[in-house]
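Participant: Take this structure first; my questions come after.
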Amino acid sequence: MTSILVTGANRGIGLEICRLMQDRGCTVFATCRTPSAALSALGVNVIPGIDVSDPVSIASLAESLNGIHLDVLLNNAGILTRETLDDLDFERIQKQFEVNAMGPLRVINALRNNLSSNSKVGIITSRVGSIEDNGSGGIYGYRMSKAAANMVGKNLSLDLGKEGIPVILLHPGLVATEMTGRTGIDPSDAAQGIIERIDELSMDNTGTFWHAEGYQLPW
Ligand SMILES: NC(=O)c1ccc[n+]([C@@H]2O[C@H](COP(=O)([O-])OP(=O)(O)OC[C@H]3O[C@@H](n4cnc5c(N)ncnc54)[C@H](OP(=O)(O)O)[C@@H]3O)[C@@H](O)[C@H]2O)c1
Numbered sequence: 003m004t005s006i007l008v009t010g011a012n013r014g015i016g017l018e019i020c021r022l023m024q025d026r027g028c029t030v031f032a033t034c035r036t037p038s039a040a041l042s043a044l045g046v047n048v049i050p051g052i053d054v055s056d057p058v059s060i061a062s063l064a065e066s067l068n069g070i071h072l073d074v075l076l077n078n079a080g081i082l083t084r085e086t087l088d089d090l091d092f093e094r095i096q097k098q099f100e101v102n103a104m105g106p107l108r109v110i111n112a113l114r115n116n117l118s119s120n121s122k123v124g125i126i127t128s129r130v131g132s133i134e135d136n137g138s139g140g141i142y143g144y145r146m147s148k149a150a151a152n153m154v155g156k157n158l159s160l161d162l163g164k165e166g167i168p169v170i171l172l173h174p175g176l177v178a179t180e181m182t183g184r185t186g187i188d189p190s191d192a193a194q195g196i197i198e199r200i201d202e203l204s205m206d207n208t209g210t211f212w213h214a215e216g217y218q219l220p221w
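Numbering (this note's numbering), first residue to last: 3 to 221.
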């Protein structure tokens, strides 16, 4: 792969994916709402002001990428709030749907002209969105929105498959970022695993759900 676009790239896993792809010599397009000092220091193509839940913002992203081919489109931006049955906040649940599930669909749809049969699409969802794997309950909005993101990816694998574009759903592991209060593995290790899975993505394994460590996850 020679060009990649990563959403939510100012920190966490997205930032580390940009760093590793830049080290590989790829052309990296890093979208974010507000650039961080760490992202600005990388020397990649930073596209600021991109909120994946905002249609106007996504339209401006498509405009700024007019005519640019993407080998990889990686949807990484996401949010986690932790609703319990005793503390349901439907506005927060809805916001997670907008960012985690509708966000990737909006971005991929807006950038279809930047993809060709040589391109690959990834969506970072979460094992927490697996229905079969759910043994602990709670976390309503995140679980629901990531399950929906998995459906977005599976569905796109069928529709974009007609154009020869494979789609993969990815769980990065439990990663030490702001999202988890810095609990888990190093973000660069998770980023490395995600890149390896994208390297292995083809039309033969499109529409599947993977742990970054290299094994398939149940829906
Ligand atoms: N960390 C884990 O253990 C873990 C496990 C499973 C899945 N994941 C998934 O991995 C992805 C990356 O998470 P992370 O751990 O790196 O979390 P993080 O450090 O909290 O980073 C989240 C990123 O998403 C961006 N973002 C949030 N809302 C956005 C919006 N509306 N529009 C555009 N960007 C937005 C954030 O930008 P701002 O700085 O502007 O907020 C930030 O760049 C997420 O999809 C997450 O659900 C993480």
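Glycine included, each C-beta is placed from N, C-alpha and C at the ideal position.
Quick one: using the 10 Å Cβ neighbour count with 16 as the cut-off for buried, is VAL169 buried or exposed?
Facilitator: Label assigned to VAL169: buried.
Participant: Which residues does DSSP pair with PRO211 in a beta bridge?
Facilitator: Checking the displayed sequence, the identity of residue 211 turns out to be Phe instead of Pro. DSSP, once it has assigned bridges, lists LEU171 as partnering PHE211.
Participant: So, with DSSP's three-state summary, where would you put ASP135?
Facilitator: It is coil, neither helix nor strand.
Participant: Which of the three DSSP states, helix, strand or coil, is assigned to LYS122?
Facilitator: Correct three-state label for LYS122: strand.
Participant: Do LYS148 and VAL130 have their C-beta atoms closer together than 8 Å?
Facilitator: It is a contact, given that the beta carbons lie within the stated cut-off.
Participant: Does DSSP put ASN102 in a helix, a strand or coil?
Facilitator: In the structure shown, ASN102 sits in a helix (DSSP, three-state: H, G or I).
Participant: With a cut-off of 8 Å, do at least 3 Cβ pairs link the segment 24 to 42 to the segment 130 to 147?
Facilitator: Short answer: they don't touch.
Participant: Could you check the C-alpha separation between LEU52 and PRO106 for me, to the nearest Å?
Facilitator: The identity of residue 52 in the sequence shown is Ile, whereas the question assumes Leu. Whole-angstrom Cα-Cα distance: 12 Å.
Participant: Measure how close the beta-carbons of THR127 and ALA151 come, nearest whole angstrom, since I'm counting them as under 8 Å.
Facilitator: The pair is a contact, with the Cβ atoms about 4 Å apart (cut-off 8 Å).
Participant: Let's see if you can read the secondary structure: which residues bound the beta strand (DSSP E) around SER5?
Facilitator: Note, SER5: beta strand (DSSP E), 5 to 8.
Participant: Cα-Cα, which of LEU41, ASP89, CYS34 is closest to SER62?
Facilitator: The shortest Cα separation from SER62 among LEU41, ASP89, CYS34 belongs to CYS34.
Participant: Using only CA atoms, which one of SER119, HIS71, THR83, MET205 lies nearest to ARG145?
Facilitator: Considering only alpha carbons, the answer is THR83.
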